[in-house]
Amino acid sequence: MHPDLESQHARLLRALPAEAAPPYGYHEFERRARERAQASRGLAGGERLAAACVLAVGLAAVLVRLGAPPAPQHVSAHGTASPARLAAVPDDDVLPPQAVAAERWLASLPSEPAVVRVGTRAAVIGLQDRIAQIDDLLSGARGSGAEPARLAALQQERARLLGTLVQVRYAETLADGAL
16 MHPDLESQHA RLLRALPAEA APPYGYHEFE RRARERAQAS RGLAGGERLA
66 AACVLAVGLA AVLVRLGAPP APQHVSAHGT ASPARLAAVP DDDVLPPQAV
116 AAERWLASLP SEPAVVRVGT RAAVIGLQDR IAQIDDLLSG ARGSGAEPAR
166 LAALQQERAR LLGTLVQVRY AETLADGAL
């Protein structure tokens with residue numbers, strides 16, 4: 016080849032240091048390996064603690080579910096058993112017959128369906144909360160002697176919400192039956 020290129024490469028190779036120092040020695044490698052092992056053992060202890068906590072919570076839930084009496088329910092004048100969030104409305108003389116039938120049908124349903132879907136459950140809870148608010152307004156209006164038009168409007172709104180709740184719960188029961 017070219018003698019001048021070979022001599023130039025040889026000169027560059029001879030200019031290199033004899034041996035480069037390693038980034039760290041074997042003792043540093045062992046120290047880092049021990050640190051990693053200790054850190055993973057620390058996590059394993061935390062994982063064991065977390066697993067024990069989950070197991071304890073699960074066991075407590077099973078014991079509460081099997082040993083506790085059912086949640087207290089309020090019963091309205093029409094015999095409607097509803098969750099504690101729904102208040103009983105005194106003097107429901109103005110309710111239409113279909114609202115009374117709807118309340119009885121709702122009372123016959125279990126408080127929680129077998130399969131709970133987040134969307135429909137949120138709708139049911141929202142409707143129950145709104146019915147409870149209307150019940151509170153009705154109780155306050157009756158206590159303060161409000162005009163009959165106001166009471167009738169509140170009763171009509173309650174009956175409308177009750178019908179909507181019946182539709183949502185009926186859809187839930189249909190979905191449970193399809194599974």
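Position in the sequence shown (first residue = 1) + 15 = the working numbering. Cβ coordinates follow ideal geometry from the N, Cα and C atoms, glycine included.
Cβ distance (whole Å) where residue i is taken to contact residue j below 8 Å
i	j	result
V183	V115	No, V183 and V115 are not in contact; Cβ-Cβ is about 19 Å, not under 8 Å.
A76	T135	With 8 Å as the limit, A76 and T135 do not qualify as a contact, their Cβ atoms being about 23 Å apart.
V181	A117	5 Å
Close beta carbons around residue i, own chain, < 6 Å, minus the five adjacent residues each side
i	result
L64	none
A190	none
R229	Any answer about residue 229 is impossible in this case: the structure gives the chain only from 16 up to 194.
L31	none
Neighbourhood of residue i by C-beta distance below 7 Å, restricted to the same chain and skipping five residues each side
i	result
Y39	none
A156	R165, L166 and L169
E172	I149
Rounded separation between residue i and residue j - CA only
i	j	result
W120	Q113	10 Å
L81	G73	12 Å
L124	Q53	56 Å
I149	E162	16 Å
Y41	R47	10 Å
E62	G141	38 Å
V79	F44	53 Å
Q23	E34	21 Å
L152	G158	10 Å
R132	S126	14 Å
E21	R51	49 Å
T188	L70	32 Å
D160	A66	For clarity, residue 160 is Gly in the given sequence; the question names Asp instead. Cα-Cα distance, rounded: 59 Å.
S154	C68	45 Å
L28	R49	40 Å
Sequence-distant residues of its chain with Cβ nearer than 8 Å to residue i (five each side left out)
i	result
P111	A174
Near the ligand PLP: residue i beta-carbon under 7 Å from a heavy atom
i	result
V69	With respect to small molecules bound, the structure shown includes none, and the ligand PLP cannot be examined in it.
Check: Is the segment 172 to 179 touching the segment 141 to 161 in the sense that three or more CB pairs, one from each, lie closer than 8 Å?
Finding: They touch, by the three-pair rule.
Next item on the list: Please go through the segment 118 to 152 and give each complete alpha helix (DSSP H) segment of 4 or more residues, from N-terminal end onward.
Entry: Here no run is fully enclosed.
Margin query: Please give the ranges of any alpha helix (DSSP H) in the segment 24 to 83, keeping only runs that are unbroken, at least 4 residues long and fully inside the region.
Written below: Counting only runs of 4 or more, we get 41 to 82.
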